[in-house]
């Protein structure tokens, strides 16, 4: 079905999590400007749409993988050949050897394309970048309350008396939320910031906890100790709606602020002050991000500790607290319905061939395969084909070299993207993807008020022969002819997503503001049966689910595999703790070729404290080499330009992830030059026990002048 053009130019930006409401200024069919953008990523959408290096036509590899030899082909040829090769892989090796991957690019669009592909291709092997993002936190929250608690959806800043930001640099990751937080703080809301760096919000905070990276669980346990022993917890909520309190109380007695202080490099007084301020200032909302609740082997335990803090103080599903998102009508019947419906699973005889089946049952619950197994499978034959949507996998996932070489070994690699990334360079087919200004879509948003779904049509015609990622998968799936046609086109898919709301996509586009509002209610655990989606039907300090699957049922601190305590010998040679920082101009690996964005960050930067830098003879602006103790890549290094930051923890260095260089020669485009993932190995553990990721931050490293 040929879609219409939006009459008012309204659409949603998908260049980060916020999904800001924008209005495109369109003249003679060309996007000439953007109204409503809060950051450079939104303002440069026209730069992306009309970039001279954008992939505009289907491309087929004609030389060796990585040779840079391509020919332009028609969509008809691309669909015909890809469908035939997908059928060949399915017949010879089984559809479970087909891997579907998306990152954060295009946000929900990539996720949807993979979910559609799961049905058409009948594979359980889908993977999103979220396993190093929200998933450790989400699985921990599910094990505690049966739903998410501390993610972006869940914070309600406008009604909070206190906001606690834990490993969340919202000014750079969620600028619209940063705006809401600043407005709340101006109105008298108190603010606690937990971060090793003096992020912008730290300057606004009533209390800034300059924590040592990788010790978040210790801080949380110290706070829980104070809250329980001083009886600052919400006695009514704990008595009526929780289980395991007495076990938690006994568990934390040894984890005093005096115990936590030397581990975290915080003062005992600050830990006590944070506990008292959080507990005595209801309602409070706690928002944690990847700085604390992801990319570490302790991620789920960090998140469990935070969830217990939320429950102890009764900040669950109350105005201004943490709103369990999956309770909302929006989430239950629209926003996340397409990722949780059993109807979107592969066939039953394929589901038990899911990578990580039995090992990571909570990952299987959310239908996301084990990434290390999948990448190792590229080398040993368990993975035979890959369809990669809006994901520069070579740069964005651990063990970049292993990913790069693994993709070369596959029978078929299809990449849909805007540009020739290092990942696209080793594909068999590169398909030109529409931008979010060129597609029809329905999305939710991470900005208050959260409870609505909004629809928009494309505001301009696609450039060249670009297609919607979802259309590509649907057309190949239909051409394969292996069974039911689940959706005939993208609008049919959008109508399917809306069926529980009794609307079609076209009807929704003609509604006022193109949206459907869902009234928000609170304390839904008092009205629903069971109150919480846990085995007990209550909020579980002692998690029965985690106990059954063999992980710690009470929040437990473990030293990171590389810390001055657990690995003192390593720290003699590698004396710094590497952490990741964020950049205002980029979302993960995106934007490096957009001139206005790249001007903000022309070089990869490593932040260091002046004192240790001076001892190493390193000055501001010098280029340095960074190395880690990982044996597989011990002789490798990555390069950065140093920025001296006197508020940095002296034992810590910080750099942004996702660096590659479009201007450098193909096929690598500098993917291994300044990218931490080029030094990390996924071939051995330890792995995060709930989701399987390796340590990606709080890593021992050394820095030498280049």
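In the working numbering, the protein residues as written are 191 to 896.
Cβ atoms here follow ideal geometry from the backbone N, Cα and C, with glycine treated the same way.
For this session: Output the distance between the C-alpha atoms of residue 529 and residue 214, rounded to the nearest integer angstrom.
Result: By 1-based counting over the chain shown, the position of residue 529 is 339. By 1-based counting over the chain shown, the position of residue 214 is 24. Confidence at residue 529 is low in this model, with a pLDDT of 47, below 50, so its placement is unreliable and no value can be given for it.
Exercise. What is the DSSP secondary structure of residue 261, reduced to helix, strand or coil?
Worked result: Start at 1 with the first residue of the chain shown, and residue 261 comes out as number 71. Residue 261 falls in the strand class under three-state DSSP.
Problem set entry | 7 Å Cβ shell around residue 728 - same chain, five flanking residues per side excluded | Within the chain shown, residue 728 is the residue found at index 538, counting from 1. Its chain contains 431, 432, 433, 721 and 722 as the residues whose beta carbon lies nearer than 7 Å to that of residue 728, once the 5 sequence neighbours on both sides are disregarded; these appear in chain order.
Problem set entry | Residue from 841, 851 and 814 with nearest C-alpha to residue 833 | In the chain shown, residue 833 corresponds to position 643, counting from 1. Answer by Cα proximity: 814.
For this session: Using the Cα positions of residue 765 and residue 407, report the straight-line distance between them to the nearest angstrom.
Result: As a first step, residue 765 must be located in the chain shown, where it is residue number 575. As a first step, residue 407 must be located in the chain shown, where it is residue number 217. Roughly 22 Å between the two C-alpha positions.
Problem set entry | Residue range of the alpha helix (DSSP H) that includes residue 769 | Within the chain shown, residue 769 is the residue found at index 579, counting from 1. It is not in any alpha helix (DSSP H) - residue 769 instead sits in the beta strand (DSSP E) that spans 766-771.
For this session: Could you have a look at residue 891 and say whether DSSP puts it in helix, strand or coil?
Result: Translated into the one-based positions of the chain shown, residue 891 becomes position 701. It is a strand residue.
Exercise. If you run the structure through DSSP and keep just helix, strand and coil, what is residue 234?
Worked result: As a working mapping, residue 234 is identified with position 44 in the chain shown. Here residue 234 sits in coil by DSSP.
For this session: Let me know if residue 195 comes out buried or exposed under the rule of 16 or more other beta-carbons within 10 Å of its beta-carbon.
Result: Here residue 195 refers to the residue found at position 5 when the chain shown is read from its first residue. Taking a 10 Å sphere around the C-beta of residue 195, we find fewer than 16 other C-beta atoms and assign the residue as exposed.
Problem set entry | Backbone CA spacing between residue 850 and residue 498 [nearest angstrom] | Position 660 of the chain shown, counted from the first residue, corresponds to residue 850. Position 308 of the chain shown, counted from the first residue, corresponds to residue 498. Near 39 Å, if we compare the C-alpha coordinates of residue 498 and residue 850.
Exercise. Taking all protein chains shown into account, do 16 or more other C-beta atoms lie within 10 angstroms of the C-beta of residue 380, making it buried, or fewer, making it exposed?
Worked result: For this step, residue 380 is matched to residue 190 along the chain shown. Burial check for residue 380: the Cβ neighbour count within 10 Å reaches 16 or more, so the residue is buried.
Problem set entry | Three-state secondary structure assigned by DSSP to residue 223 | One-based indexing of the chain shown puts residue 223 at position 33. Strand, per DSSP.
Problem set entry | C-alpha gap between residue 382 and residue 762, whole angstroms | By one-based count along the chain shown, residue 382 stands at place 192. By one-based count along the chain shown, residue 762 stands at place 572. Rounded to the nearest angstrom, the two C-alpha atoms are 34 Å apart.
Exercise. Quick one: what's got a C-beta closer than 8 Å to residue 598's C-beta in the same chain, skipping five residues either side?
Worked result: Taking the first residue of the chain shown as 1, we reach residue 598 at position 408. So the list reads 255, 256 and 616, once near-sequence residues are dropped.
For this session: Could you tell me the distance, in whole angstroms, from the CA atom of residue 448 to the CA atom of residue 421?
Result: Here residue 448 corresponds to residue number 258 of the chain shown, with the count starting at 1. Here residue 421 corresponds to residue number 231 of the chain shown, with the count starting at 1. If I take the Cα positions, the gap works out to 18 Å.
Exercise. Going along the chain, which residues of its own chain have a beta-carbon closer than 6 Å to the beta-carbon of residue 817, five neighbours each way excluded?
Worked result: Position 627 of the chain shown, counted from the first residue, corresponds to residue 817. The residues are 827 and 892.
Exercise. Roughly how many angstroms lie between the CA atoms of residue 526 and residue 688, to the nearest whole one?
Worked result: As a working mapping, residue 526 is identified with position 336 in the chain shown. As a working mapping, residue 688 is identified with position 498 in the chain shown. The predicted model places residue 526 with a pLDDT of 47, which falls under 50 and marks its position as unreliable, so this point remains unresolved.
Problem set entry | Runs of beta strand (DSSP E) lying entirely within the segment 732-812, each at least 3 residues, in chain order | Complete beta strand (DSSP E) runs here, min 3: 766-771 and 795-798.
Exercise. Can residue 602 and residue 268 be called in contact, C-beta distance under 8 Å?
Worked result: Stepping through the chain shown from its first residue, residue 602 is reached at position 412. Stepping through the chain shown from its first residue, residue 268 is reached at position 78. Cβ atoms of residue 602 and residue 268: not closer than 8 Å.
Exercise. Exposed or buried, which one is residue 801 when buried takes at least 16 other CB atoms within 10 Å?
Worked result: Position 611 of the chain shown holds residue 801. Exposed, by the Cβ-count rule.
Exercise. How close, in whole Å, do the beta carbons of residue 300 and residue 292 come, if the pair is a contact with beta carbons under 8 Å?
Worked result: Indexing the chain shown from 1 puts residue 300 at position 110. Indexing the chain shown from 1 puts residue 292 at position 102. 3 Å between Cβ atoms; contact.
For this session: With a cut-off of 8 Å on the beta carbons, I'd call residue 211 and residue 226 a contact; round off their distance for me.
Result: By one-based count along the chain shown, residue 211 stands at place 21. By one-based count along the chain shown, residue 226 stands at place 36. Contact flag correct, Cβ pair sits at about 6 Å.
Problem set entry | Length of the line joining the Cα atoms of residue 520 and residue 513 | Within the chain shown, residue 520 is the residue found at index 330, counting from 1. Within the chain shown, residue 513 is the residue found at index 323, counting from 1. Per-residue confidence for residue 520 stands at a pLDDT of 48, beneath the threshold of 50, marking its modelled position as unreliable; the derived number appears in the next sentence. Using only the alpha carbons, I get a separation of about 13 Å.
Exercise. Can you list the alpha helix (DSSP H) stretches of 4 or more residues lying completely in the segment 661-695, in chain order?
Worked result: Qualifying alpha helix (DSSP H) stretches, in chain order: 680-687.
Problem set entry | residue 896 to residue 583 span [Cα, whole Å] | By 1-based counting over the chain shown, the position of residue 896 is 706. By 1-based counting over the chain shown, the position of residue 583 is 393. Computed Cα separation, rounded: 28 Å.
Exercise. How many angstroms separate the CA atom of residue 403 from the CA atom of residue 888?
Worked result: Along the chain shown, one-based indexing puts residue 403 at 213. Along the chain shown, one-based indexing puts residue 888 at 698. Take the alpha-carbon of residue 403 and the one of residue 888: they are about 5 Å apart.
Exercise. Helix, strand or coil for residue 879 per DSSP?
Worked result: The residue given as residue 879 occupies position 689 in the chain shown. Coil.
Exercise. Can you list, in chain order, the stretches of the beta strand (DSSP E) that have 3 or more residues and sit fully within the segment 297-369?
Worked result: As for any beta strand (DSSP E) of minimum length 3 sitting wholly inside the segment 297-369, the runs are 316-318 and 352-356, ordered along the chain.
Exercise. Are the Cβ atoms of residue 770 and residue 846 separated by less than 8 Å?
Worked result: Here residue 770 refers to the residue found at position 580 of the chain shown. Here residue 846 refers to the residue found at position 656 of the chain shown. Cβ atoms of residue 770 and residue 846: closer than 8 Å.
Exercise. Exposed or buried, which one is residue 222 when buried takes at least 16 other CB atoms within 10 Å?
Worked result: Taking the chain shown and counting its residues from 1, one reaches residue 222 at position 32. Residue 222 is exposed by the Cβ-count criterion.
For this session: Consult DSSP for residue 859 and reduce its assignment to one of helix, strand or coil.
Result: To locate residue 859, count along the chain shown from 1; it is residue 669. In the structure shown, residue 859 adopts coil according to DSSP, grouped into three states.
Exercise. Do the segment 270-278 and the segment 860-876 touch if we need at least three Cβ pairs shorter than 8 Å?
Worked result: In short, these stretches do not touch, since the Cβ pair count stays below three.
Exercise. Does DSSP put residue 622 in a helix, in a strand, or in coil?
Worked result: If you number the chain shown from 1, residue 622 lands on position 432. The answer is strand: DSSP assigns residue 622 an E or B state.
Problem set entry | Residues that residue 657 bridges to, as DSSP identifies them | Counted from its first residue, the chain shown places residue 657 at position 467. 623.
For this session: Kindly indicate the opening and closing residues of the alpha helix (DSSP H) around residue 406.
Result: For the purposes of this step, residue 406 is identified with residue 216 of the chain shown, where counting begins at 1. Its alpha helix (DSSP H) spans residues 406-419.
Exercise. Would you say residue 339 and residue 500 are within 8 Å of each other, going by their C-beta atoms?
Worked result: Against the chain shown, residue 339 aligns to sequence position 149. Against the chain shown, residue 500 aligns to sequence position 310. Their beta carbons are under 8 Å apart, which means residue 339 touches residue 500 by this criterion.
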